[in-house]
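**Q** One structure follows; several queries about it will come next.
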Amino acid sequence: TARLADLADVVATSPAERARATVEGVADAADAPLIVDEDLRERELADSPIEDFDEAVEHLWANPNASHPGGESHAEAQVRGVAAVDRLVEAYPDRHVVVGTHATLMALVFNAYDPRYGREFWTGLTTPDVYEVTFVGGEAFSIARTWTPEEDDRADADRDPAER
Numbered sequence: 597t598a599r600l601a602d603l604a605d606v607v608a609t610s611p612a613e614r615a616r617a618t619v620e621g622v623a624d625a626a627d628a629p630l631i632v633d634e635d636l637r638e639r640e641l642a643d644s645p646i647e648d649f650d651e652a653v654e655h656l657w658a659n660p661n662a663s664h665p666g667g668e669s670h671a672e673a674q675v676r677g678v679a680a681v682d683r684l685v686e687a688y689p690d691r692h693v694v695v696g697t698h699a700t701l702m703a704l705v706f707n708a709y710d711p712r713y714g715r716e717f718w719t720g721l722t723t724p725d726v727y728e729v730t731f732v733g734g735e736a737f738s739i740a741r742t743w744t745p746e747e748d749d750r751a752d753a754d755r756d757p758a759e760r
């Protein structure tokens, strides 16, 4: 949180409580505005419970235009997520924007910038995870992981047990 707060000019988040809770401390520590953007929400898999989650998700990665009843296709979620990021890049040029969203949406947005970020990348994400995307001239120039779970473990080890 402290490292991100040192950089953050603006913080944007999905409306989901868990996404907001992940980045709210960054916004507070940085004294940065917290923007809730509906387009950063999680991809809706279906409008009713899915019997085999893994199979349902695998189907969507293999068929990006497919969707389950009442759900959103990966292609639709990708367009929505990229639009949200584009708005942030346009509204805050040359600023550091921290975004709290969901693993699938993040992978789909990254995939729009670079096809190497697909299903395999998504399965390797941790919760939480931190990546930095650098934009040049409004276009994604680089994507890099800037945090590892081991760093969080080290930070926890240094923290007073009463604060954990």
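With our numbering applied, the sequence shown covers 597 to 760.
By construction, the Cβ of each residue, glycine as well, lies at the ideal position given by its N, Cα and C atoms.
In chain order, what residues of the same chain have a beta carbon less than 7 Å from the beta carbon of Val606, not counting five sequence neighbours either side?
**A** Closer than 7 Å at the Cβ level, and outside the excluded window around Val606, lie Ala628, Pro629, Ile631, Tyr688, Arg691 and Val693.
**Q** Grouping DSSP H, G and I as helix and E and B as strand, with all else coil, what is Ala736?
**A** Three-state result, Ala736: strand.
**Q** Checking 9 Å against the spacing of the C-beta atoms, do Ala625 and Ala601 come in under that value?
**A** Cβ distance < 9 Å, so Ala625 and Ala601 count as in contact.
**Q** Count Cβ pairs between the region 719 to 726 and the region 662 to 673 that sit closer than 8 Å; are there 3 or more?
**A** No: fewer than three Cβ pairs fall under 8 Å.
**Q** Name the residue from Ala699, Ala708 and Glu735 whose alpha carbon lies nearest to the alpha carbon of Ala718.
**A** A small fix is needed here, since residue 718 is Trp in this sequence, not Ala. Checking every option, the nearest Cα to that of Trp718 belongs to Ala699.
**Q** Answer yes or no: the CB of Val678 versus the heavy atoms of the ligand PLP, is any distance below 8 Å?
**A** The ligand PLP is not among the ligands present in this structure, which contains no ligands whatsoever.
**Q** Could you check what DSSP says for Glu672 in three-state terms: helix, strand or coil?
**A** DSSP places Glu672 in helix when its eight states are reduced to three.
**Q** Measure from the alpha carbon of Ala679 to the alpha carbon of each residue in Asn659, Ala652 and Arg637, then state which is nearest.
**A** Among Asn659, Ala652 and Arg637, the Cα nearest to that of Ala679 belongs to Arg637.
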